[in-house]
Amino acid sequence: MTRAVLALNAGSSSLKFALFAIEPGETAASPSHRIASGELEGIGIHPHFVAHDASGRVLVDEKWTPVADGAGDTAHHGPMAALMEWVGKQLGSVDLMAVGHRVVHGGPEFIAPVRVTPDVLARLAALTPFAPLHQPGSLAPIRALLAQHPDLPQVACFDTGFHHTLPPVAQAQALPREYAARGVRRYGFHGLSYEYIASVLHDRVPHLAQGRTIVAHIGSGGSLCALKDGRSIDTTMGFSVLDGLVMGTRCGHLDPGVILYMLKEEGLGAAEIENILYHRSGLLGVSGVSADMRDLHARAGISPEVTQALDLFIYRLAQQAGAMMAALQGLDGLVFTAGIGEHDALIRAAICRQLEWAGVRLDAQANAAHREIISMPDSTVEVRVIPTDEETTIRRHVLMCLS
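Under this note's numbering, the first residue of the sequence shown carries the number 124, and numbering increases by one thereafter.
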């Protein structure tokens, strides 16, 4: 009998989902069969529900006025109920066997997918100080489903889990040792995306899977991952999702002295500093106009601040790619993925120009056409564009956990 798995990828006010058919005898290693995908946006404000089938045909496009669900976790209750009602209609007599969730932080304990229990949920909630703006959004749909469908199995899948292979020296922070005992170390994020790309390389490009590859997951958030033999050995995000690259509204790598300056000289509190670093920095902060790369491209050459923001974005990414090469002791492949990485040929070209010293030779026509292989035949580094699919990784984790 065919069953189904629902994969959820939640943020603070949005939720992406994918529905997969699970055929009899199907395992985590089997090809996936996607029934539908979609997104719930504006949770707690003005919910907008969009879904389409595997061919791209729109199945639903609906907006509604939110019920007085309150704030925080309870804001997800109405949208989750609407989603589950729609899923039930789509499946008909097909059994929904489980729901898998992307959870941003698993801490030092959770490195593999785990079935959610009240105890597991409490331990994940205790990690909120490690990811204060992301962990609550990850856990809110879990709590909503526990209240509405208490017997439905749920599986937590961790963005930090893929990076548990980082060597100890790459995990360490140069702080007093008691902080390491409290879990203060480098974790890395975007792991579900990197795991998916590693699986594609394993199946389709084995020479890169077995070699030294940098994966650039660049969207509104972004990071780099150094893959060696398909395993993460370093990454640009560390203790938090603030570290590393310049992002849409996040600062990326920052001298901690700047935070001390904000505290001591400007008298800012923790909440104000958090707001600056997460919401007012990055491309938005430097450009002064937008965090959206499309807007910035339209203004490039007109506004010097926008040009500076783009230059800094490219410079930092190329600089930190050099650090990943040092960890890998060379480079065989470079993979672009996520929103900007998959769709922005201008940014890809600018980054590749900065990496010509490392043997990158870009095929301008292939890049402009958004082909998968965008490097020249004589490039010593093979450059590819591979769309990511975190929901497929979640499906795989659910089947692993419940097998």
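Glycine included, every Cβ here is placed at the ideal spot set by N, Cα and C.
Length of the line joining the Cα atoms of residue i and residue j
i      : j      : result
Asp192 : Asp326 : Residue confidence is low: Asp192 scores 49 on pLDDT, short of 50, so the model does not pin down where it sits. Its coordinate-derived value is still stated next. Each residue's alpha carbon lies about 45 angstroms from the other.
Pro299 : His287 : 22 angstroms
Asp184 : Ser178 : 16 angstroms
Ala444 : Asp366 : 14 angstroms
Ala537 : Ala152 : Because the chain is modelled from 124 through 526, residue 537 falls outside the range shown and cannot be assessed.
Ile168 : Gly464 : 30 angstroms
Ala295 : Glu397 : 23 angstroms
Ser343 : Ala414 : 8 angstroms
Val458 : Pro170 : 34 angstroms
Pro259 : Thr251 : 7 angstroms
His228 : Val307 : 13 angstroms
Leu454 : Arg519 : 29 angstroms
Ala194 : Ala254 : Any reading at Ala194 needs caution, since the residue's pLDDT is 49, under 50, leaving its predicted position unreliable; the model's value is listed next. So the alpha carbons of these two residues sit roughly 18 angstroms apart.
Thr460 : Ala432 : 21 angstroms
Gly456 : Ser410 : 31 angstroms
Glu513 : Ala159 : 14 angstroms
Gly405 : Pro241 : 37 angstroms
His175 : Lys139 : 12 angstroms
His493 : Leu383 : 44 angstroms
Val292 : Glu208 : 48 angstroms
Val338 : Thr503 : 16 angstroms
Val328 : Ile509 : 11 angstroms
Thr511 : Lys387 : 42 angstroms
Met203 : Val226 : 17 angstroms
Lys351 : Ile425 : 42 angstroms
Val239 : Pro379 : 36 angstroms
Ala303 : Pro231 : 10 angstroms
Glu389 : Ile234 : 40 angstroms
Leu469 : Ser346 : 18 angstroms
Ala449 : Leu289 : 14 angstroms
Ala446 : Glu395 : 31 angstroms
Asp501 : Pro236 : 41 angstroms
Arg422 : Asp467 : 15 angstroms
Leu206 : Arg180 : 18 angstroms
Gly462 : Arg309 : 25 angstroms
Arg417 : Lys212 : 37 angstroms
Leu419 : Ala297 : 37 angstroms
Whole-number beta carbon distance between residue j and residue i, since they are thought to touch under 8 angstroms
i      : j      : result
Leu262 : Ala248 : 6 angstroms
Ile517 : Cys348 : About 18 angstroms separates the two Cβ atoms, so there is no contact after all.
Leu485 : Met499 : 7 angstroms
Ala133 : Arg157 : With a Cβ gap of about 19 angstroms, Ala133 and Arg157 do not count as contacting.
Thr558 : Ser155 : Since the first residue of the chain shown is 124 and the last is 526, residue 558 is not available in this structure.
Val381 : Leu435 : Wrong, their Cβ atoms sit about 15 angstroms apart, outside the cutoff.
Val506 : Cys475 : 6 angstroms
Leu129 : Leu256 : In fact, because the Cβ distance is near 25 angstroms, the residues do not count as touching under 8 angstroms.
Met69  : Leu391 : As shown, the chain starts at 124 and ends at 526. That puts residue 69 outside it, with no answer to give.
Val217 : Thr125 : 6 angstroms
Ala473 : Ala487 : Wrong, their Cβ atoms sit about 12 angstroms apart, outside the cutoff.
Sub-7 angstroms separation of residue i and residue j beta-carbons
i      : j      : result
Pro358 : Gly408 : What sits at residue 358 in the sequence shown is Thr, not Pro. In this structure, Gly408 does not lie closer than 7 angstroms to Thr358 by Cβ.
Arg305 : Leu451 : no
His313 : His330 : no
Phe285 : Ser355 : yes
Cys524 : Val210 : no
His224 : Leu324 : no
Asn490 : Ile496 : no
Val173 : Gly165 : no
Glu274 : Leu315 : The identity of residue 274 in the sequence shown is Asp, whereas the question assumes Glu. Not a contact, by the Cβ cut-off of 7 angstroms.
Ala127 : Leu182 : no
Gly361 : Ala332 : no
Proximity test, Cβ basis, 7 angstroms: residue i and chain C
i      : result
Gly464 : Judged by its chain identifiers, the structure shown contains no chain C, having just a single protein chain.
Check whether the stretch 241 to 260 touches the stretch 477 to 493, taking contact to mean three or more Cβ pairs, one atom from each stretch, closer than 8 angstroms. Below 8 angstroms, too few C-beta pairs join the stretch 241 to 260 and the stretch 477 to 493 to call them touching: fewer than three.
Could you tell me whether the stretch 392 to 406 touches the stretch 367 to 380, where touching means 3 or more Cβ pairs closer than 8 angstroms? Judged by Cβ distances under 8 angstroms, the stretch 392 to 406 makes contact with the stretch 367 to 380, as three or more pairs qualify.
Would you check if there are 3 or more beta carbon pairs closer than 8 angstroms linking the stretch 316 to 330 to the stretch 421 to 439? The stretch 316 to 330, when compared against the stretch 421 to 439, does not touch it at the 8 angstroms Cβ threshold.
The stretch 253 to 268 contacting the stretch 141 to 158, beta-carbon criterion three pairs below 8 angstroms: Taking 8 angstroms as the limit for Cβ pairs, the verdict is that the stretch 141 to 158 does not touch the stretch 253 to 268.
Run through the stretch 274 to 303 for me and flag every whole alpha helix (DSSP H) of 4 or more residues, listed as ranges in chain order. With a minimum length of 4 residues, the continuous alpha helix (DSSP H) runs that stay inside the stretch 274 to 303 are 291 to 294.
Which residue spans inside the stretch 368 to 394 form an unbroken alpha helix (DSSP H) run of at least 4? Segments of the alpha helix (DSSP H) lying fully in the stretch 368 to 394: 379 to 387.
Counting only runs of 3+ residues fully inside the stretch 131 to 167, write out the beta strand (DSSP E) ranges in chain order. Here the runs fully enclosed are 138 to 145, 156 to 164.
Which runs of the alpha helix (DSSP H) fall wholly inside the stretch 233 to 262 and span at least 4 residues, in chain order? If one requires a minimum length of 4 residues, the alpha helix (DSSP H) runs lying completely within the stretch 233 to 262 are 241 to 248, in chain order.
Threshold first: 4 residues or longer. Then list the alpha helix (DSSP H) segments lying entirely within the stretch 437 to 506, N to C. For the alpha helix (DSSP H) assignment, the uninterrupted runs of no fewer than 4 residues enclosed by the stretch 437 to 506 are, from N- to C-terminal side, 461 to 466, 468 to 477, 487 to 491.
For the stretch 300 to 351, list the beta strand (DSSP E) runs that are entirely contained and at least 3 residues long, ordered along the chain. Runs of the beta strand (DSSP E) inside the stretch 300 to 351: 335 to 341, 345 to 351.
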